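Undergrad: So the protein lines, in turn, are chains A and B.
Per my numbering, the very first residue in the first sequence carries number 8; after that it's consecutive.
Per my numbering, the very first residue in the second sequence carries number 8; after that it's consecutive.
Glycine included, every Cβ here is placed at the ideal spot set by N, Cα and C.
Model, not experiment: these values are computed from the prediction.
Number of protein chains: 2
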Amino acid sequence: MSFIPPAFTFVVNSFTNDYMAIFSKTCEYAMRAVFYVAQKSHEGQKVGIKEIAEQINSPEAFLAKILQKLSRERLIQSVKGPNGGFYFDAVSLNRPLADIVSAVDGNEIFTGCGLGLTYCSESNPCPLHEEFKKIRNQITHMLNNTTIGKFNLGLIKGKFTLNK
Amino acid sequence: MSFIPPAFTFVVNSFTNDYMAIFSKTCEYAMRAVFYVAQKSHEGQKVGIKEIAEQINSPEAFLAKILQKLSRERLIQSVKGPNGGFYFDAVSLNRPLADIVSAVDGNEIFTGCGLGLTYCSESNPCPLHEEFKKIRNQITHMLNNTTIGKFNLGLIKGKFTLNK
DNA sequence: ACAATAAAAGATATTTTTGTCTTTTATTCC
DNA sequence: GGAATAAAAGACAAAAATATCTTTTATTGT
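#1: Three-state secondary structure (DSSP) at Tyr126 of chain B?
#2: Cβ closer than 8 Å: which chain A residues qualify as neighbours of Asp112 of chain B?
#3: Examine chain B for any beta-carbon lying closer than 8 Å to the beta-carbon of Ile56 of chain A, and answer yes or no.
#4: Tell me whether Phe93 of chain A sits in a helix, a strand or coil according to DSSP, three-state version.
#5: Along the stretch 111-134 of chain B, where does the CB come closer than 7 Å to a CB of chain A? Name the residues.
#6: Count the C-beta pairs between the stretch 131-147 of chain A and the stretch 73-91 of chain A that are closer than 8 Å, then say yes if the count reaches three, no if not.
#7: Report the three-state DSSP secondary structure of Gln52 of chain A (helix, strand or coil).
#8: Hey, Gly121 of chain A and Phe167 of chain B: beta-carbon distance below 8 Å or not?
#9: Does the stretch 144-155 of chain A come close enough to the stretch 93-113 of chain B that 3 or more CB-CB pairs lie under 8 Å?
#10: Let's test the definition: count the other Cβ atoms within 10 Å of the Cβ of Ala97 of chain A and tell me whether it reaches 16, buried, or not, exposed.
#11: Under a CB-based cut-off of 8 Å, is Phe174 of chain B close to chain A?
#12: Below 7 Å CB to CB, which residues in the same chain sit around Gly55 of chain A once its five sequence neighbours on both sides are set aside?
#13: Between Thr147 of chain A and chain B, is the shortest Cβ-Cβ distance under 8 Å, so that the two count as touching?
#14: Mind checking Ser78 of chain A: buried by the 16 CB within 10 Å criterion, or exposed?
#15: Taking CB distances under 8 Å as the criterion, tell me whether Ser78 of chain B reaches chain A.
#16: Which of helix, strand or coil does DSSP assign to Ser78 of chain B?
#17: Candidates A:Tyr43, A:Asn131, A:Asn159: which alpha carbon is nearest Asn64 of chain A's?
#18: Kindly say whether Lys171 of chain B, judged by its beta-carbon, lies nearer than 8 Å to any beta-carbon of chain A.
#19: What number of angstroms, rounded off, separates the C-alpha of Lys164 of chain A from the C-alpha of Tyr126 of chain B?
#20: Short of 6 Å in beta carbon distance, which residues of its chain neighbour Leu124 of chain A, apart from the five on each side in sequence? Order them along the chain.
So this is what it looks like as structure tokens:
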């Protein structure tokens, strides 16, 4: 008969960055929200922050801050009071997703060096410069060619998810 | 004569994420350090943390933590004491940069959804799924096909920068 | 005008990432 | 074996990102 001790798991200093995505959470929420509101706008409806947050699965108050910022920058439209909410006008629906990303995450993703060097350039390249340029260009291209309203029909048809 | 008030600049809630790069700072430092140490290893030398930190322009104590982690995972070699330091053996020099990135930033960048959705997949795609897949694949490809020692000659010749 | 509604703004709290400092351990050289 | 060296480990601190709560402002319908 042997004594088996309880399985302790104490992480001393695990130290892997928990969740290192390409975009910040702020930006992820922003993009999801924008697609959701766009779809509703296509159907002629305004949406309140509560519904948006529920539907895209984001913290309501935090998302409110994000949309406030987009609103201040006239990237999204909003009206206060009863029957108010967020929506996109026709012009805004045609804006590139890139505008949302740069409003929220800044321009680093479009211009930054993969190794984080300030003075990395064609004439003073980091080792990854050439390869990273391709990646950056592809991201930029995608973000510039994806309009806010691009997925409206697909979303209405239930082809895409924005939740979890 | 007119009174010109002092120019106050109080940022209420500027709220753009300061610096949103593809990789975390931890990962940027790790990659720069790895390339620097690799180059020295090619020349048969070990390097101390102080020199590495200086040469790649990173906070010394912080970089020490990063290299400790890589060392624990046997991705980099180290010896303590006089004439000690960090280096790569032949096997390690041939490891893909992807190993460094996933040790430090995890696997999100290789597998994650662009909109941060946990259950995004081929059968349950987010709007950006297809486009993002291409980008992820390209990043993955680059990281898998770049060995740690790949830029040794270029670095020795001064073709690349790892600093600032 | 007034009550109700919903976003905007302001203030504050929590968590994660980034960064520093001190002590310990392993190795080398004398 | 002892001093010196350099990484490893541990503890702590600061900054940034994420998240929440409260108050104010604008708008609508009655």
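TA: To lay it out plainly:
#1: Look at Tyr126 of chain B here: in three-state DSSP terms it is coil, with no helix or strand label.
#2: Thr23, Asn24, Met27
#3: no
#4: strand
#5: Val111, Asp112, Gly113, Glu115, Ile116, Gly119, Gly121, Leu122, Gly123, Leu124, Thr125, Tyr126, Cys127, Asn131, Pro132, Cys133, Pro134
#6: no
#7: coil
#8: no
#9: In short, these stretches do not touch, since the Cβ pair count stays below three.
#10: exposed
#11: An answer regarding residue 174 of chain B cannot be provided, because it is not within the stretch 8 to 171 covered by chain B.
#12: Same-chain partners within the cutoff: Gly92.
#13: no
#14: Ser78 of chain A counts as exposed, since fewer than 16 other beta carbons sit within 10 angstroms of its beta carbon.
#15: At a cut-off of 8 Å, the C-beta of Ser78 of chain B has no neighbouring C-beta in chain A.
#16: helix
#17: Of the listed residues, the one whose Cα sits closest to Asn64 of chain A is A:Tyr43.
#18: Chain A has a Cβ within less than 8 Å of the Cβ of Lys171 of chain B.
#19: 19 Å
#20: Cys133
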